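Reading through the structure tokens given below for one structure.
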Amino acid sequence: MKLPRFFSSTACDMAIDLGTVNTVIHVRDRGIVLNEPSVIAIETRDGIRKVKVVGNEAKLMMGKTPSGIQAIRPLRDGVIADIDVAEQMIKHFMDKALDGHSRFGRRHEVVICVPTGSTMVERRALRDAASNAGAYKVQLIEEPMAAAIGAGLPVTEPRGAMVVDIGGGTTEVAVLSLRGIAYSSSARVGGDRLDDAIASHIRRTHNLMIGEATSERVKCELGAATPPDGEGRRMIVKGRDLVNGRPAEMTISEAEIVDALSEPVGQIKMAVMTALEQTAPELSADIIEEGITLTGGGALLQRLDEALSDTTGLPVTVAEKPLICVAMGAGRALEDRAYDGVLTVS
Ligand SMILES: Nc1ncnc2c1ncn2[C@@H]1O[C@H](COP(=O)(O)OP(=O)(O)OP(=O)(O)O)[C@@H](O)[C@H]1O
């Protein structure tokens, strides 16, 4: 007799991409069910800390919280900076992702994506956080492997494929072949660095102090990896005048922002060049044919693919859904036996 779906022992298994900036969750048979900022707002009253809101609502509070409430990003540079808070955030997101689908208290299996450069201690912290949040079995997958599977690269074949995953905190560069990672490196440069570069440029050149959310908006609207023709697009930014302390606004141009981003963009190029230099010749030969695939939100920076193609002399493609690629790949690795062997417990 075929059991109804809610009796199936696997239907709530989930893959979590706990990112520095966004958390994305894929649930077996349901696909991507959650994609929210990795932000949690904590209220402290009479010395007792309580979660107020998490995700989208918490992000709206960033930089605007009254005293007694803190909007926190528990991950920095791709690793957990505040374990207690991260655990509460994971628990909240896991509950939300299940959203009544976990009937009769059934236990679920979880796979978590980890940056290749993370230490054993950091990996244990992530596993413990998921176990404490209710997972009965926790496995890990290296982020670039998940990104490559999500981007549809041939990771199970004896063919080298290069993936560059540019997240909020880190840029992971990896060459994959035969279900394994032949080369990987993790550079602590990503979207957050680009935001910082924009904020410090505007502070230095225009004496205008802007918040994190504003600099991210400027990056998404005007940011690019190569200069435009002339001044390019323009937008108004608002913040606090550092000279007179008053609210102020000014117009900035794409050309100016491209200039401000040149250093972190240069670091991303450098990470890719170093990877190419250290890749075994047979795999390099494959990469000449396959090219480089970009994933992660940073891949959406305008003309980054062109800039990397100019630097490396190779074809560069942005994955179809760069922001959810890692979670999709991790989910596929959990579901599809073709990827047996890419999940680990440590
Ligand atoms: N259109 C865009 N242009 C440039 N950057 C963008 C764009 N859209 C999103 N981003 C950036 O992508 C980053 C988030 O990407 P992603 O969700 O892949 O990172 P993450 O998984 O949270 O980080 P990590 O993998 O480092 O832990 C943010 O810095 C965000 O500002």
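Numbering follows numbering that gives the first Met the number 0, with no gaps: position 221 of the sequence shown is 220. Using N, Cα and C, we set each Cβ at its ideal position, and we do this for glycine too. Only a predicted model underlies this, so the values are computations on that prediction, with no experimental measurement involved.
Cα-Cα separation, H107 to T343: 17 Å
Whether V271 touches V154 by CB criterion (8 Å): no
Would you say L152 touches ligand 1, meaning its beta carbon is less than 7 Å from a heavy atom? no
Looking at C-alpha atoms only, which residue of L333, A223, A80 is the closest neighbour of V137? L333
Three-pair Cβ contact test at 8 Å for the stretch 176–189 versus the stretch 235–252: no
Beta-carbon proximity of G166 to G18, cut-off 8 Å: yes
Assuming S283 is part of the alpha helix (DSSP H), what are its boundary residues? 280–289
Alpha-carbon spacing of K320 relative to L125, whole angstroms: 25 Å
In whole angstroms, what separates the C-alpha of V38 from that of V257? 28 Å
Entirely enclosed beta strand (DSSP E) segments - the stretch 194–246, minimum 3 residues: 233–240
Going by C-alpha to C-alpha distance, which of I15, L300, L221 sits closest to S130? I15
If I measure Cβ to Cβ from I286 and keep anything under 8 Å in the same chain, skipping five residues before and after, which residues do I get? G159, A160, M161, V174, L275, T278, L313
Locate the alpha helix (DSSP H) running through M144, then write down its first and last residues. 142–149
Whole-angstrom distance between A337 and E262, CA atom to CA atom: 40 Å
Starting from the Cα of A212, find the closest Cα among R48, T310, V236 and give me that residue. V236
Taking the alpha helix (DSSP H) that K320 belongs to, which residues open and close that run? Where K320 is concerned, there is no enclosing alpha helix (DSSP H), given that its DSSP letter is neither H nor E.
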